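**Student:** This is the structure I want to talk about, given as structure tokens.
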Amino acid sequence: MQQRKKVSSGAPWEDIVGYSRAIQVGNTIEIAGTTAKGNDEYEQTHAIIKIAEKSLHELGADLSHVIRTRIYCTNIANWEKIGKAHGEFFRTVKPVSTMVEVSKLINPDILVEIEFSAVL
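Heads up, the numbering used here is the position in the sequence shown plus 95, with the first residue counted as 1.
Next comes the structure, spelled out in structure tokens:
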């Protein structure tokens, strides 16, 4: 069995719900449940990617290792704001990406949530 490396978000919900910010098994890293506060989708997306980048660094990786992003948003009409922030980080990496609208996220102030898959 391969060893798991976990990265904590530090949120009290991790122990209550039973999750980690990121997990590495072998050369695969999965990051989920990543949200951020901000005035709009652009600010939130930018902050989310910075949070993921920090988790990747803790596991010896960086954004160039990301192969997939899954973006959940509460208003798909604002996809360009999300796309602009995503493109600022991934313009040359170009991971596969999915963006879908969901009816709501865990907090009404949260407009965007992103999952990341990376391979070392």
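Even for Gly, the Cβ is constructed at its ideal location relative to N, Cα and C.
These numbers were taken from a predicted model, which means no experiment stands behind them.
DSSP on Gly128, reduced to helix/strand/coil?
**Tutor:** Working through the sequence shown from its first residue, we reach residue 128 at position 33. Here Gly128 sits in strand by DSSP.
**Student:** Could you give the distance in angstroms between the alpha-carbon of Thr140 and the alpha-carbon of Gln97?
**Tutor:** In the sequence shown, residue 140 corresponds to position 45, counting from 1. In the sequence shown, residue 97 corresponds to position 2, counting from 1. Their backbone Cα atoms lie some 32 Å apart in a straight line.
**Student:** Which class does Ala156 belong to by DSSP, given the choice of helix, strand or coil?
**Tutor:** Taking the sequence shown and counting its residues from 1, the one referred to as residue 156 is at position 61. Ala156 falls in the coil class under three-state DSSP.
**Student:** Below 8 Å on the Cβ atoms is my guess for Val161 versus Ala127; work out the distance and round it to an integer in Å.
**Tutor:** Numbered from its first residue, the sequence shown carries residue 161 at position 66. Numbered from its first residue, the sequence shown carries residue 127 at position 32. Actually they are not in contact, since the Cβ atoms of Val161 and Ala127 sit about 13 Å apart, beyond 8 Å.
**Student:** Do you know whose CA, among Pro203, Lys199, Pro190, Ile205, lies nearest Leu158's CA?
**Tutor:** By one-based count along the sequence shown, residue 158 stands at place 63. The shortest Cα separation from Leu158 among Pro203, Lys199, Pro190, Ile205 belongs to Pro190.
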